[in-house]
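Trainee: What the sequence shown shows, in this note's numbering, is residues 660 to 758, in sequence order.
Here a beta-carbon is modelled for each residue, glycine too, at the ideal position from N, C-alpha and C.
This one's a predicted model, so the numbers in the text were calculated from it and none came from an experiment.
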Amino acid sequence: MRNLLLELNFKLINEKVKISPIGTAKGLDGRVFKIDGEKLINNIQKNGLDIALNLNHQGGEAYGWFDRNSLELREDGIYASLELTTKGKELVENKALDI
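(1) Does DSSP classify N701 as helix, strand or coil?
(2) Between L743 and G723, is the Cβ-Cβ spacing less than 8 Å?
(3) DSSP state of R733, grouped into three classes?
(4) Taking the alpha-carbon positions, what's the K685 to K754 distance?
(5) Quick one: residues in its chain with C-beta nearer than 6 Å to the C-beta of K693, no 5 flanking neighbours on either side, listed in chain order?
(6) Measure from the alpha carbon of E674 to the alpha carbon of each residue in S740, N701, D726, K746, then state which is nearest.
(7) Three-state secondary structure (DSSP) at E742?
(8) Between which two residues does the beta strand (DSSP E) holding L712 run?
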């Protein structure tokens with residue numbers, strides 16, 4: 660069982676980011692989730708909205724956007740392209756947001 664729901668550890672431009680594990684995953688609060696990758700990708704693409712990158716799912720300002728059309732199911736999870744906002748780029752450059 661994995662504890663990580665988002666891996667922001669990419670370093671190359673245009674490299675996709677792992678945004679979700681698949682299968683059984685455990686959240687930081689201890690809840691256990693069963694994530695069906697194909698179903699999740701289909702639901703995201705059906706709603707027609709890109710996915711905002713914000714801090715701790717608190718809403719508010721977006722620091723970047725994951726392109727719904729770039730979603731890719733891999734053996735270890737779901738990946739997507741990330742486009743950082745100006746503020747997101749600034750936070751990464753100043754090492755205030757570690758990606």
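Mentor: The short version:
(1) helix
(2) yes
(3) strand
(4) 27 Å
(5) T683
(6) S740
(7) strand
(8) 710–712
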